[in-house]
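Visitor:
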Amino acid sequence: MTQDEVLNYLQQHVIPHPSKLIYQPPRKPTYGISYPKLKEVSKIIIRSNPIEFLESNNFSIYELEILQTYVIGSLKDIDQAIHYFKELLKVAKEWSVIDSLCQRLIITRKYPFKVLDLLKTYMDSNDEYIERMICVVALSHLLRDESVEEAIELMTQLHHPGYYAKMGKAWALCEVMVKYPDQAFRILEEKSVDPWTHNKAIQKMIESYRIPQETKVKLKTMRI
Numbered sequence: 005m006t007q008d009e010v011l012n013y014l015q016q017h018v019i020p021h022p023s024k025l026i027y028q029p030p031r032k033p034t035y036g037i038s039y040p041k042l043k044e045v046s047k048i049i050i051r052s053n054p055i056e057f058l059e060s061n062n063f064s065i066y067e068l069e070i071l072q073t074y075v076i077g078s079l080k081d082i083d084q085a086i087h088y089f090k091e092l093l094k095v096a097k098e099w100s101v102i103d104s105l106c107q108r109l110i111i112t113r114k115y116p117f118k119v120l121d122l123l124k125t126y127m128d129s130n131d132e133y134i135e136r137m138i139c140v141v142a143l144s145h146l147l148r149d150e151s152v153e154e155a156i157e158l159m160t161q162l163h164h165p166g167y168y169a170k171m172g173k174a175w176a177l178c179e180v181m182v183k184y185p186d187q188a189f190r191i192l193e194e195k196s197v198d199p200w201t202h203n204k205a206i207q208k209m210i211e212s213y214r215i216p217q218e219t220k221v222k223l224k225t226m227r228i
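If you count the sequence shown from 1, position 117 lands on 121 in this note's numbering, and the numbers rise without skipping.
#1: Fully enclosed by the region 108–169, which alpha helix (DSSP H) runs are 4 residues long or longer?
#2: So for F63, helix, strand or coil by DSSP?
#3: At the level of alpha carbons, what is the spacing between K204 and N12?
#4: Return the CA-CA distance between K43 and V101, expressed in angstroms with no decimal places.
#5: Go through its chain and collect everything with a Cβ distance to M209's Cβ below 6 Å, but skip five positions before and after it.
#6: Pick from Q161, V141 and P165: whose alpha carbon is nearest that of K195?
#7: What's the call for I26, buried or exposed, on a 16-neighbour Cβ count within 10 Å?
#8: According to DSSP, is R214 helix, strand or coil?
#9: From which residue to which residue does the alpha helix (DSSP H) around R51 run?
#10: Return the chain-ordered list of same chain residues with a C-beta closer than 6 Å to the C-beta of A188, the five sequence neighbours on each side being excluded.
#11: In terms of residue numbering, what span does the alpha helix (DSSP H) encompassing Q251 cover?
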């Protein structure tokens with residue numbers, strides 16, 4: 005299924021004035037297609053010829069970027085998945101596209117060290133969305149016994165001042181507290197991240213239903 009065929013299908017489901025339905029309108033043009041409908045379309049692409057779509061996609065509208073994340077997430081070959089992951093990263097400048105791409109890279113759980121090596125190549129990017137990507141891949145797939153320490157080391161070395169980068173890190177630190185509280189407390193005690201991210205992470209931890217009340221009591225004393 006080529007990009008043109010997908011666009012023709014999507015045009016049948018265009019929503020007038022879609023930006024009114026979106027909290028933060030995408031920077032690219034959008035048809036306003038619902039995410040369930042895009043998921044439906046992605047299944048058709050995956051069943052037909054996913055590589056044909058991935059190769060022909062020029063990302064001209066927001067929905068094509070989201071569809072690319074769904075199709076990449078379906079790939080079973082790690083090298084293939086990494087190739088298309090890197091290609092989309094070159095153009096993705098929406099937090100929602102970044103998050104969708106990272107969360108769907110489930111193959112990371114089978115090849116954690118290969119993906120960690122990939123993340124290391126982006127550590128000097130100084131790009132807000134790339135730094136968010138590192139954090140979202142980590143919190144989605146790398147908070148496991150064999151990879152958590154390396155994931156934490158990468159995240160605490162990120163320093164981009166952009167909102168989406170810092171929010172991604174705060175979100176990731178909250179997940180660390182849920183799954184590895186000893187490591188999370190170490191990060192907070194050592195003040196390994198900037199004050200804004202430190203305090204935002206604590207806020208998220210206190211708001212989380214997955215963190216015990218006694219932990220939250222201690223967290224309230226650790227703001228800076």
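Glycine included, every Cβ here is placed at the ideal spot set by N, Cα and C.
Guide: So, from the listed chains and residues:
#1: 116–124, 132–141 and 152–159
#2: coil
#3: 43 Å
#4: 14 Å
#5: C178, M181, I215 and L223
#6: Q161
#7: The pLDDT assigned to I26 is 45, lower than 50, so where the model puts this residue is not dependable; a value taken from the coordinates is nonetheless given after this. I26 should be labelled exposed.
#8: coil
#9: Y39 to S52
#10: V180 and M181
#11: Since the first residue shown for the chain is 5 and the last is 228, residue 251 is missing from the structure and cannot be characterised.
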